[in-house]
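First the structure, in the form of structure tokens, and then the observations on it.
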Amino acid sequence: MLKVKNLHKKYSGESLSAVVDISFSLKECEVLAVVGKSGSGKSTLLRMLAGLMKPDAGVVEFDGKPLKNPEEQLIAGHDKIKMVFQDFQVKPNMTVAENVKYKLLHFNKEYQAERCEELLDTCGLSTLAEKMPHELSGGQQQRLSLARALADDPKLLLMDEPFSNLDPIIKEDLLLELTEIVKKERLSLILVSHDTRDALLIADRIAYVEEGRLVQIGDNETVYKQPKTLEVAQFFGRVNEISLDGQKHFIRAEDLTPQLEENKFEVTVSSSTFMGGVYLNRARYSGRKLVVFYSSEKLSENSNMVLGFKGRCQLHF
């Protein structure tokens, strides 16, 4: 469906390239999360995929045909690729229903009404049809923005940090709803995020971008359990570097287990902090070296205990 070949982009006046030789493909009805730190090139990549920005080199193919560059078109972009923006971009002087129908003006009125009703229902907006955008919450405005994008009948949705301004629980609910909507509408989706929880919750595959380069792409479990670099591993959670018998071992915090006899070592607990369902513990071993691990119960400060980890839990780079 979508093929990206050797994309490269450098902004005028910048010493470093924003996107460097990125290649990947996307299948129909697949959800890909593009993650990475701020400034890593994710948004630049997305704008090129949308046909809103011309790459310096490389090509984006959609359904077997290269995307046209923005200057080659009266209106930049592709009619089957739609981008949902973080700032919603709704019509402030129209009701919710009118906002959706506005995208359907080139259809007859019967279809407008039918499709509008369907989209409002799909996006959880049926009871808000006569509300104005300023009367909606942030989550409801994002639903409206999504409904407007779906009204254009796209095959591929692009979303750039769409829920970053929302409360965590609302954001999680919207992501789960988005998963259902994408399946119902048989869409492909590329979601840019700096939040790994978003990516793991919604994506079929994850792409990690660093300094404009595609460092790793794969299914969620592979990227998490078999990261190609320490930076990828640390982006998805706390990683301990443990020196035992002259060797370094990289172990996630959740894989350090109290009283485990395998690869064991003694630590002194520095702090134990309640995090909701678990306690986050900081401890030191060999005098000064720090490790972080989790426990189901609060641990006493300055208490000594044995930690261990299974060999299969080691991360290898």
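Under my numbering, the very last position in the sequence shown is 340; numbers go up by exactly one each time.
Backbone N, C-alpha and C fix where the C-beta goes; we use that ideal spot for every residue, glycine too.
Note that the structure is a prediction, hence the values are computed from the model and not measured.
If you look at Lys132, you'll find it isn't in any beta strand (DSSP E); it sits in the alpha helix (DSSP H) that goes Lys132 to Thr145.
Glu195 and Val57 have their C-alpha atoms some 17 Å from each other.
By the C-beta density criterion, Lys88 is exposed, having fewer than 16 other C-beta atoms within 10 angstroms.
In this model, Tyr317 and Leu201 are separated by some 32 Å (Cα to Cα). The stretch 218-300 is shown to contain whole beta strand (DSSP E) runs of 3 or more residues at 228-233, 236-242, 262-267, 270-275 and 288-297, in chain order. Here Met182 is bridged, per DSSP, to Val107 and Leu214. By the criterion of a C-beta distance shorter than 6 Å, Ser40 is surrounded in its chain by Lys33 and Gly235, once the five residues flanking it on both sides are discounted. Glu158 carries a helical assignment under DSSP once its states are collapsed to helix, strand and coil. Phe108 is not a Cβ neighbour of Gln164, given a cutoff of 8 Å. Going by C-alpha positions, Ser149 is about 17 Å away from Val113. Taking all protein chains in view, the Cβ of Gln135 is crowded by 16 or more other Cβ atoms within 10 Å, so the residue is classified as buried. A residue is called buried once 16 or more other Cβ atoms fall within 10 Å of its Cβ, and Ile192, having fewer, is exposed. Annotation: Asp144 to Ile98 spans about 30 Å, alpha carbon to alpha carbon. As the crow flies, the alpha-carbon of Ile104 is around 13 Å from that of Cys52. In terms of Cα proximity to Lys77, the closest of Gly62, Leu210 and Gly100 is Gly100. DSSP places Met71 in no beta strand (DSSP E) but in the uninterrupted alpha helix (DSSP H) bounded by Lys65 to Leu72. A residue is called buried once 16 or more other Cβ atoms fall within 10 Å of its Cβ, and Pro115, having fewer, is exposed. Minimum Cα-Cα distance from Glu153 among the listed residues Cys139, Leu90 and Gly162 corresponds to Cys139. If you draw a straight line from the Cα of Leu214 to the Cα of Leu72, it comes to about 12 Å. The beta carbon of Glu121 lies closer than 8 Å to those of Lys114 in the same chain, with the five residues before and after it left out.
The shortest C-alpha to C-alpha distance from Ser293 to any of Asn286, Leu313 and Asn29 is the one to Leu313. Comparing alpha carbon positions, the residue from Pro250, Ser295, Thr296 and Ile225 closest to Ile274 is Pro250.
Tyr317: not part of any alpha helix (DSSP H); member of the beta strand (DSSP E) spanning Lys312 to Ser318, first to last residue.
The beta carbons of Asn263 and Gly334 sit about 15 Å from each other, so the pair does not count as a contact at 8 Å. Under the criterion of beta carbons closer than 8 Å, Leu49 and Ser211 qualify as touching, at roughly 6 Å. Under the three-state reduction of DSSP output, Gly334 falls in the helix class.
Short of 7 Å from the beta carbon of Arg166, and not among the five residues preceding or following it, lie these beta carbons of its own chain, in chain order: Cys146, Gly147 and Leu148. Bounds of any beta strand (DSSP E) do not take in Ile98, whose DSSP letter is neither H nor E. The criterion of a C-beta distance shorter than 8 Å is not satisfied by Gly64 and Pro93. Burial check for Leu128: the Cβ neighbour count within 10 Å stays below 16, so the residue is exposed. Rounded to the nearest whole angstrom, the C-alpha separation of Glu289 and Glu324 is 14 Å. Between the alpha carbons of Val42 and Val238 lies a gap of roughly 12 Å.
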